[in-house]
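Read through the structure below, which is laid out as structure tokens, and then see the notes.
Chains as they are written, first to last, in the numbering used here: chain A, 1 to 234; chain B, 235 to 375.
Right, dumping it as structure tokens:
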């Protein structure tokens with residue numbers, strides 16, 4: 001998700017029909033600048049070089065989302081789109097429309113990863129490894145990150161685990177329990193809701209962890225865009 | 235209709251098949267390069283990264299994102315995949331009649347307003363121009 005406010009003005013976006021390394025290139029109707037989804041910036045035209053402001057989003061299942069937000073509005077499908085046009089593509093071994101830039105067999109091409117990008121330091125967390133280790137306290141560049149993965153819905157959330165300048169170390173409280181999953185930090189024993197990063201009990205009650213910049217991707221695309229990426233292996 | 239326009243439409247239809255009917259792509263991937271109406275190299279300037287969550291790099295300068303040369307490939311015309319400009323919404327009750335619990339969605343909450351976007355629907359439109367909690371934003375897939 002990106003803010004449509006650029007240099008103080010609202011813009012609207014369309015699909016350019018162009019790709020950079022298999023990823024969406026948008027254009028805006030006001031200046032015809034081309035924008036790369038993966039780079040989060042203008043790549044050609046009047047606003048080339050301008051960054052888009054990223055707005056954190058969750059990819060999850062409909063069942064999980066409506067539990068989290070019973071009052072949610074939903075984009076009207078008008079009885080269509082029962083089948084995802086990319087469904088087969090998600091499953092097979094092909095790398096986009098134009099193939100991958102280089103090969104890296106540390107993971108299957110189509111393995112899903114959540115990629116973290118902190119000031120140019122990148123690290124990928126495969127869903128497979130997160131399935132075994134749903135809570136990962138890690139360091140990317142100089143930032144302390146927390147990755148939480150809900151296996152039942154395939155939801156990956158990345159937080160900055162620093163509160164008031166001090167890194168916290170999290171663990172699961174009991175077993176994962178969907179949106180009710182609770183994490184506990186070792187430093188203060190406060191209890192946190194895993195799905196929204198808010199402390200519900202203890203010394204830090206009321207604090208909310210910031211989301212870190214992250215991106216769900218197939219492995220082949222993530223490493224094409226971030227050839228220096230680290231890879232979490234569990 | 236001119237011959238040129240017929241050729242153009244046919245090509246567009248073919249490329250759409252490649253993009254939207256993945257099985258059709260198997261046998262023709264090798265020809266795709268010649269089908270692409272153009273491919274060009276663009277130079278993208280590095281630029282300061284905005285956003286409070288990002289820290290300065292170790293040399294003390296503002297962090298910069300990737301710049302450099304990238305290959306820009308044209309597969310379709312502008313708006314061949316129609317972005318949504320005037321999204322319409324339903325409540326949970328109506329959505330439940332159209333979606334199963336395991337359908338994937340993108341969801342976000344801003345200033346107390348929550349919205350969900352079906353990923354199978356996003357696959358057909360790629361971009362939704364919306365306003366959530368008063369914030370104009372683009373949902374992209």
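Even for Gly, the Cβ is constructed at its ideal location relative to N, Cα and C.
Note that the structure is a prediction, hence the values are computed from the model and not measured.
Looking from the CA of residue 41(A), the closest CA among 202(A), 96(A), 20(A), 91(A) belongs to 20(A). In its chain, beyond the 5 residues on either side, 21, 38 have a beta carbon closer than 7 Å to the beta carbon of residue 225(A). Rounded to whole angstroms, residue 210(A) and residue 51(A) show a C-alpha spacing of 20 Å. Going by beta carbons, residue 135(A) and residue 170(A) fall inside the 8 Å limit. Around the CB of residue 201(A), fewer than 16 other CB atoms lie within 10 Å, so the residue is classed as exposed.
Contact between the region 177-186 of chain A and the region 115-127 of chain A is absent, with fewer than three C-beta pairs closer than 8 Å. Going by beta carbons, residue 195(A) and residue 95(A) fall outside the 8 Å limit. In the three-state reduction of the DSSP assignment, residue 144(A) falls in the strand class, which pools E and B. Here DSSP, grouped into helix, strand and coil, assigns residue 359(B) to helix. Looking at the DSSP output, residue 26(A) bridges to 15(A), 35(A).
Each residue's CA atom was taken as its position, placing residue 217(A) and residue 164(A) some 31 Å apart. For residue 89(A), the enclosing alpha helix (DSSP H) begins and ends at 87-91. Across the set 192(A), 153(A), 45(A), the C-alpha of 192(A) shows the shortest separation from the C-alpha of residue 174(A). Excluding residues up to 5 positions away in sequence, 211 lie with their Cβ nearer than 6 Å to the Cβ of residue 56(A) in the same chain. The continuous beta strand (DSSP E) containing residue 117(A) extends over residues 112-118. The continuous stretches of alpha helix (DSSP H) do not include residue 184(A), which lies in the beta strand (DSSP E) extending over residues 182-185. The Cβ neighbour count for residue 9(A), taken over all protein chains shown within 10 Å, is under 16; the residue is labelled exposed.
Closest in alpha carbon position to residue 375(B), among 325(B), 275(B), 352(B), 367(B), is 352(B).
Residues of chain B whose Cβ lies closer than 9 Å to the Cβ of residue 30(A) do not exist; the shortest such Cβ separation is about 12 Å. Between residue 61(A) and residue 350(B), the gap from beta carbon to beta carbon reaches 8 Å or more.
Beta-bridge pairing by DSSP links residue 8(A) to no other residue.
16(A) is the residue among 166(A), 16(A), 148(A) whose C-alpha sits nearest the C-alpha of residue 308(B). Between residue 360(B) and residue 76(A) a beta carbon distance of about 17 Å is seen, past the 8 Å cut, so the two are scored as non-contacting. Between residue 363(B) and residue 319(B) a beta carbon distance of about 5 Å is seen, short of the 8 Å cut, so the two are scored as contacting.
At least one CB of chain B lies nearer than 8 Å to the CB of residue 60(A). A buried status is given to residue 2(A), since no fewer than 16 other beta-carbon atoms sit within 10 Å of its beta-carbon. Nearest neighbour of residue 316(B) by Cα position, chosen from 162(A), 27(A), 140(A), turns out to be 27(A). For residue 325(B), the nearest CB of chain A lies under 8 Å from its own CB, placing it at the interface with that chain. Residue 156(A) and residue 59(A) have their C-alpha atoms spaced approximately 8 Å apart. At a beta-carbon threshold of 8 Å, the residues of chain A lying near residue 363(B) are 4, 12, 13, ordered along the chain.
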